[in-house]
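Peer 1: If you read the sequences in order, they're chains A and B.
Heads up: the first sequence begins at 52 in the working numbering, then just goes up one per residue.
Heads up: the second sequence begins at 52 in the working numbering, then just goes up one per residue.
From the three backbone atoms N, C-alpha and C, an ideal C-beta is built for every residue, glycine too.
Just so you know, these numbers come straight off a predicted model, no measurement behind them.
Number of protein chains: 2
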Amino acid sequence: MTAYSELSAHHGRIAALSNALGILHWDNAAVMPKGAAPRRAESVALLQVLRHGMATDPRIGDWLGEAEADDGLGAWERANLREIRRIWTAETALPADLVEASSRATSTCEMAWRQARQDSDFVGLLPHLSEVLRLQREIGQAKGEKLGLSPYDALLNDYEPGGRSDQIDRLFDDLAAFLPGLLDEVLAAQARRPTDAEPQGPFPVETQRALGVRMMEALGYDFDRGRLDVSAHPFCGGADDDVRITTRYDENDFSSALMGVLHETGHALYEQGRPQGWMSQPVGHARGMSLHESQSLLIEMQACRSREFLRFAAPIMRDAFGASGPGWEPDAVWRRYNRVAPGFIRVDADEVTYPAHVILRYRLEKALIADDLPLAELPAAWNAQMKELLGLTPPNDRVGCLQDIHWPSGGWGYFPTYTLGALTAAQLFDAARRAVPDIPSAIERGDFAPLLGWLRANVHAQASLLETDELLIQATGRTLDPAVFKAHLRRRYVEES
Amino acid sequence: MTAYSELSAHHGRIAALSNALGILHWDNAAVMPKGAAPRRAESVALLQVLRHGMATDPRIGDWLGEAEADDGLGAWERANLREIRRIWTAETALPADLVEASSRATSTCEMAWRQARQDSDFVGLLPHLSEVLRLQREIGQAKGEKLGLSPYDALLNDYEPGGRSDQIDRLFDDLAAFLPGLLDEVLAAQARRPTDAEPQGPFPVETQRALGVRMMEALGYDFDRGRLDVSAHPFCGGADDDVRITTRYDENDFSSALMGVLHETGHALYEQGRPQGWMSQPVGHARGMSLHESQSLLIEMQACRSREFLRFAAPIMRDAFGASGPGWEPDAVWRRYNRVAPGFIRVDADEVTYPAHVILRYRLEKALIADDLPLAELPAAWNAQMKELLGLTPPNDRVGCLQDIHWPSGGWGYFPTYTLGALTAAQLFDAARRAVPDIPSAIERGDFAPLLGWLRANVHAQASLLETDELLIQATGRTLDPAVFKAHLRRRYVEES
Numbered sequence: 052m053t054a055y056s057e058l059s060a061h062h063g064r065i066a067a068l069s070n071a072l073g074i075l076h077w078d079n080a081a082v083m084p085k086g087a088a089p090r091r092a093e094s095v096a097l098l099q100v101l102r103h104g105m106a107t108d109p110r111i112g113d114w115l116g117e118a119e120a121d122d123g124l125g126a127w128e129r130a131n132l133r134e135i136r137r138i139w140t141a142e143t144a145l146p147a148d149l150v151e152a153s154s155r156a157t158s159t160c161e162m163a164w165r166q167a168r169q170d171s172d173f174v175g176l177l178p179h180l181s182e183v184l185r186l187q188r189e190i191g192q193a194k195g196e197k198l199g200l201s202p203y204d205a206l207l208n209d210y211e212p213g214g215r216s217d218q219i220d221r222l223f224d225d226l227a228a229f230l231p232g233l234l235d236e237v238l239a240a241q242a243r244r245p246t247d248a249e250p251q252g253p254f255p256v257e258t259q260r261a262l263g264v265r266m267m268e269a270l271g272y273d274f275d276r277g278r279l280d281v282s283a284h285p286f287c288g289g290a291d292d293d294v295r296i297t298t299r300y301d302e303n304d305f306s307s308a309l310m311g312v313l314h315e316t317g318h319a320l321y322e323q324g325r326p327q328g329w330m331s332q333p334v335g336h337a338r339g340m341s342l343h344e345s346q347s348l349l350i351e352m353q354a355c356r357s358r359e360f361l362r363f364a365a366p367i368m369r370d371a372f373g374a375s376g377p378g379w380e381p382d383a384v385w386r387r388y389n390r391v392a393p394g395f396i397r398v399d400a401d402e403v404t405y406p407a408h409v410i411l412r413y414r415l416e417k418a419l420i421a422d423d424l425p426l427a428e429l430p431a432a433w434n435a436q437m438k439e440l441l442g443l444t445p446p447n448d449r450v451g452c453l454q455d456i457h458w459p460s461g462g463w464g465y466f467p468t469y470t471l472g473a474l475t476a477a478q479l480f481d482a483a484r485r486a487v488p489d490i491p492s493a494i495e496r497g498d499f500a501p502l503l504g505w506l507r508a509n510v511h512a513q514a515s516l517l518e519t520d521e522l523l524i525q526a527t528g529r530t531l532d533p534a535v536f537k538a539h540l541r542r543r544y545v546e547e548s
Numbered sequence: 052m053t054a055y056s057e058l059s060a061h062h063g064r065i066a067a068l069s070n071a072l073g074i075l076h077w078d079n080a081a082v083m084p085k086g087a088a089p090r091r092a093e094s095v096a097l098l099q100v101l102r103h104g105m106a107t108d109p110r111i112g113d114w115l116g117e118a119e120a121d122d123g124l125g126a127w128e129r130a131n132l133r134e135i136r137r138i139w140t141a142e143t144a145l146p147a148d149l150v151e152a153s154s155r156a157t158s159t160c161e162m163a164w165r166q167a168r169q170d171s172d173f174v175g176l177l178p179h180l181s182e183v184l185r186l187q188r189e190i191g192q193a194k195g196e197k198l199g200l201s202p203y204d205a206l207l208n209d210y211e212p213g214g215r216s217d218q219i220d221r222l223f224d225d226l227a228a229f230l231p232g233l234l235d236e237v238l239a240a241q242a243r244r245p246t247d248a249e250p251q252g253p254f255p256v257e258t259q260r261a262l263g264v265r266m267m268e269a270l271g272y273d274f275d276r277g278r279l280d281v282s283a284h285p286f287c288g289g290a291d292d293d294v295r296i297t298t299r300y301d302e303n304d305f306s307s308a309l310m311g312v313l314h315e316t317g318h319a320l321y322e323q324g325r326p327q328g329w330m331s332q333p334v335g336h337a338r339g340m341s342l343h344e345s346q347s348l349l350i351e352m353q354a355c356r357s358r359e360f361l362r363f364a365a366p367i368m369r370d371a372f373g374a375s376g377p378g379w380e381p382d383a384v385w386r387r388y389n390r391v392a393p394g395f396i397r398v399d400a401d402e403v404t405y406p407a408h409v410i411l412r413y414r415l416e417k418a419l420i421a422d423d424l425p426l427a428e429l430p431a432a433w434n435a436q437m438k439e440l441l442g443l444t445p446p447n448d449r450v451g452c453l454q455d456i457h458w459p460s461g462g463w464g465y466f467p468t469y470t471l472g473a474l475t476a477a478q479l480f481d482a483a484r485r486a487v488p489d490i491p492s493a494i495e496r497g498d499f500a501p502l503l504g505w506l507r508a509n510v511h512a513q514a515s516l517l518e519t520d521e522l523l524i525q526a527t528g529r530t531l532d533p534a535v536f537k538a539h540l541r542r543r544y545v546e547e548s
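(1) Does any CB atom of chain A fall closer than 9 Å to the CB of B:ILE74?
(2) Please classify A:ARG243: is it buried, with 16 or more other beta-carbons within 10 angstroms of its beta-carbon, or exposed?
(3) Are any of the Cβ atoms in chain A nearer than 9 Å to that of B:LEU58?
(4) Under 9 Å, CB to CB, which of the residues in the segment 326-339 of chain A have a partner in chain B?
(5) Looking at A:ASP293: is its Cβ nearer than 9 Å to the Cβ of B:GLY86?
(6) Would you call B:THR246 buried or exposed, if buried means 16 or more other Cβ atoms sit within 10 Å of its Cβ?
(7) Return the Cβ separation of A:LEU440 and A:ALA239 in integer angstroms, given the expectation that the two are a contact with Cβ distance under 8 Å.
(8) In its own chain, which residues sit with a C-beta less than 6 Å from the C-beta of A:GLY472, not counting the 5 before and 5 after it?
(9) Taking the beta strand (DSSP E) that A:VAL294 belongs to, which residues open and close that run?
(10) Alpha carbon to alpha carbon, how far is A:THR468 from B:MET368? Give it in angstroms, no decimals.
(11) Helix, strand or coil for B:ALA283 per DSSP?
(12) Would you list the residues sitting across from B:LEU277 in a DSSP beta bridge?
(13) Using the three-state DSSP reduction, which class does A:GLY289 fall into: helix, strand or coil?
(14) Between the Cα of B:GLU128 and the Cα atoms of B:GLN436, B:LEU222 and B:SER515, which residue gives the shortest distance?
(15) Grab me the residues of A:GLU302's own chain with a C-beta within less than 6 Å of its C-beta, minus the 5 sequence neighbours each way, in chain order.
(16) Which same chain residues, not among the five before or five after A:TRP77, have their C-beta less than 7 Å away from its C-beta?
(17) Tell me the residue span of the alpha helix (DSSP H) that contains A:SER181.
(18) Is B:CYS160 helix, strand or coil by DSSP?
(19) Are three or more beta carbon pairs between the segment 64-82 of chain A and the segment 94-102 of chain A nearer than 8 Å?
(20) What are the start and end residues of the alpha helix (DSSP H) that includes A:ASP217?
(21) If you check the beta carbons only, do A:TRP164 and A:LEU453 fall under 9 Å apart?
(22) With a threshold of 9 Å between beta carbons, is A:MET83 in contact with chain B?
(23) Do you know how far the Cα of B:ALA365 is from the Cα of B:LEU309?
(24) Give me the Cα-Cα distance between B:LEU184 and B:PRO445, rounded to the nearest whole angstrom.
(25) Along chain A, in chain order, which residues have C-beta atoms closer than 8 Å to that of B:LEU68?
(26) Note down the Cα distance separating B:GLY328 from B:ASP401, rounded to an integer number of angstroms.
(27) Cβ closer than 9 Å: which chain A residues qualify as neighbours of B:ARG278?
(28) With a Cβ-Cβ cutoff of 9 Å, do A:ARG299 and A:GLU547 count as a contact?
(29) For A:ASP170, name the three-state secondary structure that DSSP assigns.
(30) I believe A:ASN389 touches A:TYR544 by the beta-carbon criterion, under 8 Å. Please report the beta-carbon distance rounded to the nearest angstrom.
(31) Within the continuous alpha helix (DSSP H) that includes A:ALA319, where are the two ends?
(32) For B:GLU351, count neighbouring C-beta atoms within 10 Å of its own C-beta (all shown protein chains included) and say buried if the count is 16 or more, exposed if not.
(33) Helix, strand or coil for B:ILE494 per DSSP?
(34) Mind listing the chain B neighbours of A:ARG414? Cutoff is C-beta to C-beta under 7 Å, in chain order.
(35) Residues in the segment 288-311 of chain A with C-beta within 7 Å of chain B's C-beta atoms, listed in sequence order?
(36) Can you pull the chain B residues whose beta carbon is under 7 Å from the beta carbon of A:LEU101, in chain order?
In structure tokens, the structure reads:
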């Protein structure tokens, strides 16, 4: 066997183990009985240790050196080596005791956070979060030294390969300057719109589910390689060729489950569209979290909150529930689905105010990792940013700096990918419509094939062949440009009505 | 750490891996989308290789030697060492290439069998089955040499630790002599019974499921540590503290799903009743397949096809389906659930004719492993035994020697445990009623606590502390005695009516 084929076989085995973990994670969230939790945690921890052992196998370093000197490899093989080298460098940067200490600290902190959030008790969380932060800094430092990055950028790169905070600073500063003024215009425009009757439930869960399945099928989701289930926190997970999404149902409001299904279907289409032959190799993985979020937001926000989609979908929704009335007119549904209202909670935010929530978190976590902001001052700094970006002051930390699980659970460097994803979604959808002008009218007919075809060719089937910037240039002609997102917001929330 | 605690920690890790495999197996059978199968097979194969590596870790041998010399261990610890030694001896008896060759041969043969059964083509299966048999003989020989057993007994011991074919011969010869005469009496008695109207469906799946759940709860199944789902072939599986059962529903006949649920609940109660502190150690495992089958048959056949249970359950069934009529009277339901009819198919057989199916298979597989019967002559030998034991001649091999998956899939030595389980069930239920006379009247009230309490104390919580024979003597006062089963059959199928 050549060094390259050794590497490829080894990473096939790592993928087989990751797939097992993916199914256990799905099981945990969707179907596991609660008494199974303690022993399940042992199984997952063991598989993670085994995976870490395989990912840091010292033979990888030798194989890499040899394979990189091989001139006979094609573009995908070379990109695969690039990805393997990247992962190997990051995985081996950390001493095993740091990995273990961080795993233990985040488990403890996550539990403390559940209580602290409930009690709005930041001071109670402080010692735990402080320990997590200390270890995240250490992890960032260790990886950063190996990768030639700042600690924050090293953390960011786990979610967004190639991501750099100086670029994000520029994009986010631009947005932060633009959004407050836009928000005033949006609220003024919205005040001039008619008020619509809210459809009244109950909306039976089985009907909601059937509606979700119908829409997933229309979007091109492959049920032979996935499932739709229920979990407390909706997600897209599972394994290669087994991409499962979840939602949660509220019998008084069907739209939250449906929009959740459409969002997760966007993620799932990306996963299902990765190239079969490379699926279990690093080059076959999704490119990064900003592109992943771009796919969910492109489907949910760009495609499925559009007039075209709702002209197709509103009558189907109405008929599914055996309902009638002016509240089911596509225009009324469109207005409900595109209502803007500043609030404290990120996950409830609309498309216009969502970036403010992300920018705030990004600025704070960067300052915390750089030790420019003492952790004890986080609540005050949070509230000051909320005031500046959204004009709101949280009445307590429960709806302020304690609302998200990311920091307690060690997800530092993740937040910016939400808004990078929103910008990317706008730019990709814009490029798709220019390349295939029929996309909006096809959507109005319930035909997603033209959109999916473009996404398959330009994003999904590319997997990790290119770096994110290269992919974006190839697909849209330029690097990430907030102008497209800004124009989208203005068009949808100010100009349309 | 002492050698004992090293062993214990190591087997805790093996259990964590086995639990992961158990959940993947459940997922496979109950929820996996079909397109996921090829990659799932890779994940399962990898975890099995990792588990085999852990189970044959050479340190186990050293730890065992040291721990067995430790005088300070209690009875459970010593029994744990006995089990660990037994498993270690069997696992290390086989060279890795034999394990791999057998795994490959059974996969191929299983696939060939699906086609051969459909086409009733024994000759087409012959080369594949011949290879599986050759490797099973080799496995039996290799294990037998290490364990001081004949090849067949070595195979049997994988399912039934301590099982010996000379004992089984005596039990089965006794049954084979008894059953044909009994069957004539049963059929004569049955001819004198009234014919009952068959309740007419459809019986909605959701109602059937709710009825199953109701009965599982009555039996004492813990839904905090398990689930009820659907699969093509009902089974009990999952993991420690996560014991999941499945059934399949037929809207024209609710009793097959319900009896399946009761049967699998019997298995699940055993698994859920194993002692918490030992659950992940070999001594904490269920004792063997005959005891396992005894628990499912005790619940299904002994308890839940009794008059007492059906006086409790028949009105609940009737009300669940909103039905009425004489077909729902407990006596009528009892007659339907205890109808005897000789047939070709083992899995459709009643309690009286089932042992004939097992005895036939046991005799043939023993002769095949011993090379006393050429594989090519299997169909003729099968049909001769069917004629002798049940008076029937299969019209083709599809309903004859091709009907079961056990031989093609490498499950040689498994069959006798079904009937050993039936004998054990009768003997345990008899002892339970003698010890706790209130058991039948409690069942008639829908109260399974007295029965479950006895089973917990005498079987479930014993796990593998004792050998099977010792457990039976402790619980019932004697080793396995077919007289109790024979008396049960005569009482239920000849004397009652």
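Peer 2: Here's the rundown:
(1) Looking up residue 74 of chain B in the second sequence gives position 23. Cβ-Cβ to chain A under 9 Å: yes for B:ILE74.
(2) Stepping through the first sequence from its first residue, residue 243 of chain A is reached at position 192. That one is exposed.
(3) As a working mapping, residue 58 of chain B is identified with position 7 in the second sequence. No, because no Cβ of chain A sits closer than 9 Å to the Cβ of B:LEU58.
(4) MET330 and SER331
(5) The count along the first sequence starts at 1 and reaches residue 293 of chain A at position 242. The count along the second sequence starts at 1 and reaches residue 86 of chain B at position 35. Cβ atoms of A:ASP293 and B:GLY86: closer than 9 Å.
(6) By 1-based counting over the second sequence, the position of residue 246 of chain B is 195. Under this definition B:THR246 is an exposed residue.
(7) On the first sequence, position 389 is the one that residue 440 of chain A refers to. On the first sequence, position 188 is the one that residue 239 of chain A refers to. At roughly 19 Å, the Cβ-Cβ gap does not stay under 8 Å, so A:LEU440 and A:ALA239 are not in contact.
(8) As a position in the first sequence, residue 472 of chain A is number 421, starting the count at 1. Contacts found: SER341, GLU344, SER345 and LEU348.
(9) If you number the first sequence from 1, residue 294 of chain A lands on position 243. Looking at the DSSP string, the run of the beta strand (DSSP E) that includes A:VAL294 is 293-298.
(10) Along the second sequence, read from residue 1 onward, the residue named residue 368 of chain B stands at position 317. Along the first sequence, read from residue 1 onward, the residue named residue 468 of chain A stands at position 417. B:MET368 and A:THR468: Cα-Cα distance of roughly 55 Å.
(11) By 1-based counting over the second sequence, the position of residue 283 of chain B is 232. Residue state, collapsed to three classes: coil.
(12) Mapped onto the second sequence, residue 277 of chain B falls at position 226. Checking the sequence, you will find Gly at residue 277 of chain B rather than Leu. Per DSSP, B:VAL294.
(13) Your numbering for residue 289 of chain A matches position 238 in the first sequence. If DSSP states are grouped into helix, strand and coil, A:GLY289 belongs with the strands.
(14) Mapped onto the second sequence, residue 128 of chain B falls at position 77. Nearest option by C-alpha distance: B:SER515.
(15) Indexing the first sequence from 1 puts residue 302 of chain A at position 251. Cβ within range, chain order: GLY252, PRO253 and PHE254.
(16) Locating residue 77 of chain A in the first sequence gives position 26, counting from the first residue. Here the set comprises GLY288, GLY289 and ARG295.
(17) If you number the first sequence from 1, residue 181 of chain A lands on position 130. Its alpha helix (DSSP H) spans residues 173-198.
(18) The residue given as residue 160 of chain B occupies position 109 in the second sequence. In the structure shown, B:CYS160 sits in a helix (DSSP, three-state: H, G or I).
(19) yes
(20) What you label residue 217 of chain A is simply residue 166 of the first sequence in a count that begins at 1. Where A:ASP217 is concerned, the enclosing alpha helix (DSSP H) stretches over 216-242.
(21) Residue 164 of chain A sits at position 113 when you count from the first residue of the first sequence. Residue 453 of chain A sits at position 402 when you count from the first residue of the first sequence. Contact: yes.
(22) Within the first sequence, residue 83 of chain A is the residue found at index 32, counting from 1. Yes, because at least one Cβ of chain B sits closer than 9 Å to the Cβ of A:MET83.
(23) Position 258 of the second sequence, counting from 1, holds the residue named residue 309 of chain B. Position 314 of the second sequence, counting from 1, holds the residue named residue 365 of chain B. Looking at the two C-alpha atoms, the distance is approximately 12 Å.
(24) Counted from its first residue, the second sequence places residue 184 of chain B at position 133. Counted from its first residue, the second sequence places residue 445 of chain B at position 394. Cα to Cα, the separation comes out at about 23 Å.
(25) For the purposes of this step, residue 68 of chain B is identified with residue 17 of the second sequence, where counting begins at 1. Result: SER94, LEU97 and LEU98.
(26) Taking the first residue of the second sequence as 1, we reach residue 328 of chain B at position 277. Taking the first residue of the second sequence as 1, we reach residue 401 of chain B at position 350. If you take the alpha carbons of B:GLY328 and B:ASP401, they lie about 38 Å apart.
(27) Residue 278 of chain B sits at position 227 when you count from the first residue of the second sequence. Residues of chain A passing the Cβ test: VAL82, MET83 and PRO84.
(28) Within the first sequence, numbered from 1, the residue matching residue 299 of chain A stands at position 248. Within the first sequence, numbered from 1, the residue matching residue 547 of chain A stands at position 496. Against a cut-off of 9 Å, the Cβ pair of A:GLU547 and A:ARG299 comes out as no contact.
(29) Counting from 1 along the first sequence, the entry for residue 170 of chain A is found at position 119. Note: A:ASP170 maps to helix in three-state DSSP.
(30) Walking along the first sequence from the start, residue 389 of chain A turns up at place 338. Walking along the first sequence from the start, residue 544 of chain A turns up at place 493. About 7 Å; that satisfies the 8 Å criterion.
(31) One-based indexing of the first sequence puts residue 319 of chain A at position 268. Where A:ALA319 is concerned, the enclosing alpha helix (DSSP H) stretches over 305-323.
(32) By 1-based counting over the second sequence, the position of residue 351 of chain B is 300. Buried, because 16 or more other Cβ atoms sit within 10 Å of the Cβ of B:GLU351.
(33) For the purposes of this step, residue 494 of chain B is taken as the residue at position 443 of the second sequence. Helix.
(34) By 1-based counting over the first sequence, the position of residue 414 of chain A is 363. None at all; the shortest Cβ gap to chain B is about 41 Å.
(35) ALA290, ASP291, ASP292 and ASP293
(36) Taking the first residue of the first sequence as position 1, residue 101 of chain A is located at position 50. Per Cβ cutoff of 7 Å: LEU101.
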